[in-house]
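**Q** First the structure, then my questions, so here it is.
Residue numbers (my numbering), protein chains in the order written: chain C, 8 to 198; chain S, 111 to 199.
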């Protein structure tokens, strides 16, 4: 009589001629950045793009959307995702400020130098060459770590130990993002 | 994962080695060598750097292709329908 039944198992996914749907749906929770969240954020950003932007800068917008959705999907505990989001915010503020400046300077063809703008967010420069003090060098840290710091967002201020952890997570997330985009390209080009 | 985080300034060698081996397992299999039990740290970091750079390049390339494809996308294709259903759920 004690035939206790938990919730009925979800129905199996309908067989789809396009394999990416299955990959997207079954990838949830398999990697540390949830693939479903990644897909959701990226697709939402993509759908917003297709209506608004001109064709010329679409590539740049898509790339920015990719990194942004990657940072969003990752856990905010990760310092690289926070650094990425900070970067996006800074760049947005920069662009609006630069637009205002360009409108004022009608005659002189001198756009605001990128370096001067970057120094505004002192201490929050992530992938740009560090203008402030060099990162604290730990004992036993090889010289190669500097190059790694420059590659991983937010790496300039981390200790060596956390740098390794962040790098591992960043690589995992990057790989998931590349797989997602590759799947999308295959999906679209197969039409 | 951060359960064995020692106090500041005194990060033991073992933890670093553990992290490095974790990183090594993430890299593509072509770089892993069974012979050497402990690949040189410098070499590992260099390979990680180049791997991250190649991933960046792939993202750029894929976003380029995506932008090309999106301009010629047919909004009523089954692919778009799937994407719309994903966004709705």
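Beta carbons are placed, not taken as given, at the ideal position from N, Cα and C, and that holds for glycine.
As the structure is a prediction and not an experimental result, all values here were calculated from the model.
Can you give the Cα-Cα distance for residue 183 (chain C) and residue 42 (chain C), rounded to whole angstroms?
**A** Approximately 7 Å between the Cα atoms of the pair.
**Q** My understanding is that residue 191 (chain C) touches residue 176 (chain S), with C-beta atoms under 8 Å, so please give their C-beta distance in whole angstroms.
**A** Sure, about 6 Å apart at Cβ, within 8 Å.
**Q** Output, in sequence order along the chain, the residues in the segment 150 to 162 of chain C whose CB is closer than 8 Å to any CB in chain S.
**A** Listed by position, the residues of the segment 150 to 162 of chain C near chain S (Cβ gap below 8 Å) are 150, 151, 152, 154, 155, 158 and 159.
**Q** Look at the alpha carbon of residue 66 (chain C) and the alpha carbon of residue 189 (chain C), and state the distance between them as a whole number of angstroms.
**A** Distance between the alpha carbons of residue 66 (chain C) and residue 189 (chain C): 15 Å.
**Q** According to the neighbour-count rule (16 or more other Cβ atoms, all chains shown, within 10 Å of its Cβ), is residue 129 (chain C) buried or exposed?
**A** Here the model assigns residue 129 (chain C) a pLDDT of 37, short of 50, so the residue's position is not dependable and the matter cannot be decided.
**Q** Here's a check: name, in chain order, each residue in its chain whose Cβ is nearer than 6 Å to the Cβ of residue 52 (chain C), leaving out the five neighbours to either side.
**A** These residues qualify, in order along the chain: 72 and 76.
**Q** Under 7 Å, Cβ to Cβ, is there at least one residue of chain S near residue 188 (chain C)?
**A** So yes, residue 188 (chain C) belongs to the interface.
**Q** Let me know the secondary structure DSSP gives residue 162 (chain C) once reduced to three states.
**A** Correct three-state label for residue 162 (chain C): helix.
**Q** Please tell me whether residue 173 (chain S) and residue 70 (chain C) are closer than 7 Å, where the distance is taken between their beta carbons.
**A** Yes, they are a contact pair.
**Q** For residue 175 (chain S), which residues in chain C fall below 7 Å Cβ to Cβ?
**A** The contacting residues are 192.
**Q** Shorter than 7 Å from the beta carbon of residue 95 (chain C) to some beta carbon of chain S?
**A** Not one chain S Cβ lies under 7 Å of residue 95 (chain C).
**Q** Can you grab the Cα-Cα spacing for the pair residue 124 (chain C) / residue 101 (chain C), in whole Å?
**A** Interpretation of residue 124 (chain C) is limited by its pLDDT of 41, a score under 50 that renders its predicted location unreliable; no figure is taken from the coordinates.
**Q** Give the residues of chain S in contact with residue 76 (chain C), contact being defined as C-beta atoms less than 9 Å apart.
**A** Within 9 Å Cβ-Cβ: nothing; residue 76 (chain C) doesn't reach chain S, min ~11 Å.
**Q** Using 10 angstroms around the beta-carbon of residue 107 (chain C), count the other beta-carbons present and answer buried if the total reaches 16, otherwise exposed.
**A** With fewer than 16 other Cβ atoms within 10 Å, it is exposed.
**Q** Suppose the cutoff is 7 Å on Cβ atoms and the five residues either side in sequence are ignored; what does the same chain contact list for residue 126 (chain S) look like?
**A** Correct list: empty, nothing qualifies.
**Q** Hey, is residue 128 (chain S)'s beta-carbon within less than 7 Å of any beta-carbon in chain C?
**A** Chain C contact via Cβ: absent.
**Q** Looking only at its own chain, which residues have a Cβ that is under 6 Å from the Cβ of residue 161 (chain S), when we skip the five neighbours before and after it?
**A** Once the five neighbours on either side are set aside, the close Cβ partners of residue 161 (chain S) are 137.
**Q** If we ignore side chains and look at the alpha-carbon of each, how far apart do residue 156 (chain S) and residue 151 (chain C) end up?
**A** One C-alpha to the other measures close to 7 Å.
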